[in-house]
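The structure under discussion appears below in the form of structure tokens.
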Amino acid sequence: MAGIIIKPRARIFHGHDWVYASEIRKIFGEPKAGEVISLKDYRDRPLGTAIYNPESQIVARRISRRKQKLDEEFFTRRIGQAIELRERSGIDPRLARIVWSESDGLPGVIVDRYGDHLVLQTLTLAMSLSRELIAQVLVDLLSPESIVLRNDSPMLVAEGIEEETLMLHGERPAAFIVEAPTVEGGVKFEIDLLDGQKTGLYLDQLDAHREVAKLAKGKRVLDCFCNQGGFALACAKAGAASVTAVDSSESAIEATLKNAALNGVEINAVKHNAFDFLKHCEDEYDLVILDPPSFTKNKKSLNNAMRGYKEIHLRGLKLLDRDGVMATYCCSHHATRELFLENIVSASVDAKRSLRMIASHGQRLDHPVLPGIPETEYLKGFVLQLMPSR
Ligand code: SAH
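Numbering (our numbering), first residue to last: 1 to 390.
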């Protein structure tokens, strides 16, 4: 088998599974892009098997410490283990990310389950070439009605894979309804997997919706960056006095209103840039939720991103009534927990207020973190309450 010899001190010797070009000492046997290769250390000792793509910055991603082929047995075993993990985690396995890339030993493979429908992404070349086999294994394991391939991530460019959306199994599904068990009685969402705008839900935030909704009863709630209304709907169903939801996307606001009607609750959904909305808002709230998209995809833009977080934190705090609560989330891997918390404190200093932390949140268990691969940890959130003025 063709393969690569890795330089000493590479990250693979520290618990990681990725090999960057700068970490390669030698390539042997002329491996082709998308193939399985063997990895060796500089003394020729085997380090396992990886998928290879010289076009990517991450040239090799280890899939096993042993010899391994990308065959049916492999996918059945790994996907089976991933499904079992969700079942044991106490989350509803029918509304979950059932395979998440490196965290499930399948680099680049993402499978989201919405009841009887699956959405597959294959974001590495080797996995993209195996997608028919992966779909077949999913059919054997779960008998879904449909499998949509949705390869539309910016990650594809780096791997040299074309963007595409197509059916791998079953008929194109019409819009359907799923129920998230975030509050008593559940929250219903309309899902349209083939609508380029809306797609699925932010499954990684379902636990946070539940936890924040617990604080919403009788409160005036503002959900900024609401998308399809995840937080807003859970809070409204939990008995909030009023709920305002803001998103800059027209289709997100439409979806939020549709979902509100579906759940029999009232949400004041506003299409607006959240920065401007927060700046000009004259109302007071008891609970402000901030869940923006990642402001930074790389280290270079981190300072700008932190300025963005600081601005929404400061403005969010200023809208809070006495002992009000702010729930704020950051889904960028580059902004660490410490940096994000520092940012919140800095905003509170400017607002001349002290904050008490009520809860700290992370990505749901269907997005498992591998401490050896720090890139797998990206979502953090803090729920903070204003202390009485002193
Ligand atoms: N809170 C949601 C997920 C939010 S995703 C949930 O829990 O399900 C981020 C959302 O921010 C997207 O819907 C996007 O349309 C919106 N968005 C991005 N930039 C924005 C801006 N400047 N102002 C308001 N909304 C914005």
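No residue lacks a Cβ here, since even glycine has one placed at the ideal position from N, Cα and C.
CB-CB length for residue i against residue j, believed under 8 angstroms
{"i": "A245", "j": "D223", "result": "4 angstroms"}
{"i": "A260", "j": "G229", "result": "7 angstroms"}
{"i": "D104", "j": "R78", "result": "6 angstroms"}
{"i": "V187", "j": "K258", "result": "With 8 angstroms as the limit, V187 and K258 do not qualify as a contact, their Cβ atoms being about 13 angstroms apart."}
{"i": "I289", "j": "F231", "result": "5 angstroms"}
{"i": "R150", "j": "T199", "result": "7 angstroms"}
{"i": "M167", "j": "V148", "result": "6 angstroms"}
{"i": "D207", "j": "R364", "result": "5 angstroms"}
{"i": "S346", "j": "K299", "result": "Contact doesn't hold; Cβ gap of about 20 angstroms is too wide."}
{"i": "I12", "j": "R62", "result": "7 angstroms"}
{"i": "G316", "j": "M326", "result": "5 angstroms"}
Spatially closest choice to residue i from the options, by CA coordinates
{"i": "V183", "options": "A82, G170, L201, K214", "result": "K214"}
{"i": "V265", "options": "F277, P293, C235, S248", "result": "C235"}
{"i": "K217", "options": "L233, L203, V119", "result": "L233"}
{"i": "L379", "options": "I147, E338, C330", "result": "C330"}
{"i": "D366", "options": "S56, Q81, P8, V157", "result": "Q81"}
{"i": "K318", "options": "E338, F277, L302", "result": "F277"}
{"i": "F340", "options": "V383, L118, R322, L320", "result": "V383"}
{"i": "R9", "options": "S22, M357, N268, G3", "result": "S22"}
{"i": "L302", "options": "T336, H361, S101, N227", "result": "T336"}
{"i": "Q205", "options": "I267, R45, A96", "result": "A96"}
{"i": "E163", "options": "R61, S153, T124", "result": "S153"}
{"i": "F28", "options": "I4, V36, Y42, D44", "result": "I4"}
{"i": "A180", "options": "V119, E190, R322", "result": "E190"}
{"i": "S348", "options": "E377, H313, A359", "result": "H313"}
{"i": "E72", "options": "D350, K279, I134", "result": "I134"}
{"i": "Y42", "options": "F74, S332, R25", "result": "R25"}
{"i": "M1", "options": "D112, I37, I63", "result": "I37"}
{"i": "D247", "options": "I63, C226, G381", "result": "C226"}
{"i": "G115", "options": "I358, S146, S242", "result": "S146"}
{"i": "D323", "options": "N268, Q385, L118, I58", "result": "Q385"}
{"i": "S294", "options": "E284, T328, H280, R356", "result": "T328"}
{"i": "L201", "options": "P173, S242, T256, V59", "result": "T256"}
{"i": "I267", "options": "M357, I110, V243, K40", "result": "V243"}
{"i": "H333", "options": "V109, N343, K297", "result": "K297"}
{"i": "R356", "options": "E102, G362, S389", "result": "S389"}
{"i": "D195", "options": "H361, R172, V212, H209", "result": "R172"}
{"i": "Q57", "options": "K352, L125, L287", "result": "L125"}
{"i": "R353", "options": "N273, M387, I83", "result": "M387"}
{"i": "Y285", "options": "K219, R61, A305", "result": "K219"}
{"i": "N343", "options": "V369, E377, G381", "result": "G381"}
{"i": "R113", "options": "A359, P107, V99, R62", "result": "V99"}
{"i": "H361", "options": "R315, D350, D291, G316", "result": "D291"}
{"i": "E254", "options": "G48, H272, Q136", "result": "H272"}
{"i": "T165", "options": "E250, E211, L123", "result": "L123"}
{"i": "A351", "options": "L320, P368, S249", "result": "L320"}
{"i": "E250", "options": "A269, L47, F74", "result": "A269"}
{"i": "N263", "options": "G239, F275, A274", "result": "G239"}
{"i": "E377", "options": "F74, P144, E102", "result": "E102"}
{"i": "V212", "options": "A174, A359, I6, V369", "result": "A359"}
Quiz prompt | Neighbouring residues (CB closer than 5 angstroms to any heavy atom of the ligand SAH) | solution = Residues with a Cβ closer than 5 angstroms to any heavy atom of the ligand SAH, in chain order: Y202, Q205, F225, N227, G230, D247, S248, S249, A252, N273, A274, D291, P293.
Quiz prompt | Cβ contact (3+ pairs, closer than 8 angstroms) linking the segment 59-71 and the segment 82-92 | solution = With the cut-off at 8 angstroms, the segment 59-71 and the segment 82-92 do not touch.
Exercise. Specify whether the segment 357-374 and the segment 14-26 touch according to this definition: at least 3 beta carbon pairs, one from each stretch, less than 8 angstroms apart.
Key: Short answer: they touch.
Quiz item: Are the segment 154-164 and the segment 133-145 touching by the rule of at least three beta carbon pairs closer than 8 angstroms?
Solution: No: the two stretches stay apart, fewer than three of their Cβ pairs being nearer than 8 angstroms.
Quiz item: Using 8 angstroms as the Cβ pair cut-off and three pairs as the minimum, do the segment 25-34 and the segment 43-62 touch?
Solution: Segments in contact, yes.
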